[in-house]
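Residue numbers (this note's numbering): 1 to 408. We put the CB at the ideal spot given by N, CA and C, even for glycine.
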Amino acid sequence: MKKWLKRIALISLVATMALSLTACGQNKSSNSGKKVTIEYFNQKKEDFEKKNPDIHVKEVDVPNAGTVLKTRMLSGDVPDVINIYPQNIDFQEWAKAGYFEDMTHASYIKNIKNHYADSFKINGKIYNALLSANVYGFFYNATEFKRLGIKAPKTWAKFEQIVKKIKASGKAPFAVAGTEPWTLNGYHQLSLATVTGGAKQANQLLRFSAPNGIKVNNPYIQKDFTRLNLLRENAQQNWRGASYNDAVVSFANGKSLIMPNGSWALPMINQQKPKFKVRTFAFPAAKAGHEMTVGSGDLALSISSKSKHKKAAEKFVAYMTTPAAMQKYYNVDGSPVAVKGVKQRGINSQLGGLSTLAFTKHDMVWLAQDWTSENDFFNLTASYLMTGNKQQMVNDMNTFFNPMKASN
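Okay, structure coming up:
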């Protein structure tokens, strides 16, 4: 899925983390006492490659990492340590097939806050160390909000009110990338979760209902249309032809005051050097206190069950779950960190409106954790925003989910 455009290489982080890894690797990691090499397959752009006295971490960072990883997994050429997104269906299938080491009782799992790793258990076992996450919601122009006398909304009704006020001011309420539907995925998933009461309830409506059970007149679907309409009726000029970059520029130059997107968009926003305070808020619900964000593991490590150097791999993953290591990561990357003891910026920071909800009951995992695919869902979302055809969207949803329901 394209939702995570990765950060630029974190060169300063590479150096400091590599030195720390050297320091933590003084004990021998293999009973032979010889230096061993463990292969770290990285689907992000950060570089962890350095030597310690007995472990060399060989980082593999390739284009089309998901495709390359799938080929290697299926051929039996499994890297020792893998950065893999635990909500993905591939991860779930590979864990069930025994490709990954069981981490359920590993001491380093206790370093992860709020039992976040439990959210991705497979048959009751943990196969992935969740170190950081992405979050989705709304970026907003806090400077212009203050000038207009409005605040980040806590309820859907208040959200509708501030959108009207922004539009009346002559500004576009939303910056939307009409040609890149993946950017709208979080909006639609959060819409459905907030109207139904949560992620589980949303999937009861979508994934686990009867075949062709999604109807235009369903009250939850009606509320979903209302939320989608707010976006389609209040986006910037020419939004249907806008790219992801176009939407970022529209927001960063102050023409649009709100942009629905994920934490991964912040570096791109800041590259535009906006002349206002960038802040975030979560997706509003019917009642204050029920706002939600959506996301999943971003830097998330699994160990191959077939690794010839499990002790070395365990040492590497254990190091990465320490606050010393992840503080350095957070200081550069800024994504919410799941490791206990990492000092993170608060509610008044750029991502504060979302990151303070990370790893809490207000932070749901992407609904596709229970789906077999995802692309057609965000494509049907974009199709509805383009046309406003309610029956077509419902038809597309049933077509998308019906094949999955055969296994219900």
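Item: Please state whether DSSP places Met268 in a helix, a strand or coil.; Value: helix
Item: Between which two residues does the beta strand (DSSP E) holding Gly186 run?; Value: Premise fails: Gly186 lies in the alpha helix (DSSP H), Asn185 to Thr196, not in any beta strand (DSSP E).
Item: So Leu231 is in the alpha helix (DSSP H); what residue range does that whole segment cover?; Value: Pro219 to Arg232
Item: Consult DSSP for Leu351 and reduce its assignment to one of helix, strand or coil.; Value: coil
Item: Hey, how far is the Cα of Asn114 from the Cα of Ser263?; Value: 20 Å
Item: Could you give the DSSP three-state label for Asp240: helix, strand or coil?; Value: The sequence as given places Arg at residue 240; Asp does not occur at that position. Here Arg240 sits in helix by DSSP.
Item: Using three-state DSSP, classify Leu299 as helix, strand or coil.; Value: coil
Item: Mapping DSSP to helix, strand and coil, what is Asp363?; Value: strand
Item: Specify the secondary structure class of Ser256 as computed by DSSP and reduced to three states.; Value: strand
Item: Starting from Lys110, follow its DSSP beta bridges and name the residues at the other end.; Value: According to DSSP, which records beta bridges pairwise, Lys110 is partnered with nothing at all.
Item: Tell me which residue opens and which closes the beta strand (DSSP E) that Ala133 is part of.; Value: Ala133 to Asn141
Item: Check whether the Cβ atoms of Ser305 and Tyr99 sit closer than 8 Å, and answer yes or no.; Value: yes
Item: Rounded to a whole number of angstroms, what is the C-alpha to C-alpha distance between Ala210 and Asn398?; Value: 10 Å
Item: Taking contact to mean at least 3 C-beta pairs separated by less than 8 Å, is the segment 235 to 246 in contact with the segment 148 to 155?; Value: no
Item: State the beta-bridge partners of Ser304 as determined by DSSP.; Value: Phe100
Item: Which value, in whole angstroms, describes the spacing of the CA atoms of Phe208 and Lys154?; Value: 30 Å
Item: Using 10 angstroms around the beta-carbon of Asn217, count the other beta-carbons present and answer buried if the total reaches 16, otherwise exposed.; Value: exposed
Item: Check whether the segment 313 to 330 and the segment 357 to 368 touch, using three or more Cβ-Cβ pairs below 8 Å as the test.; Value: no
Item: Hey, how far is the Cα of Gly124 from the Cα of Lys308?; Value: 26 Å
Item: If you check the beta carbons only, do Leu367 and Val135 fall under 8 Å apart?; Value: no
Item: So Tyr220 and Val195 are supposed to be a Cβ contact under 8 Å. How far apart are they, rounded?; Value: 5 Å
Item: Which residues does DSSP list as the beta-bridge partners of Asn379?; Value: Answer is none; Asn379 lacks a bridge partner.
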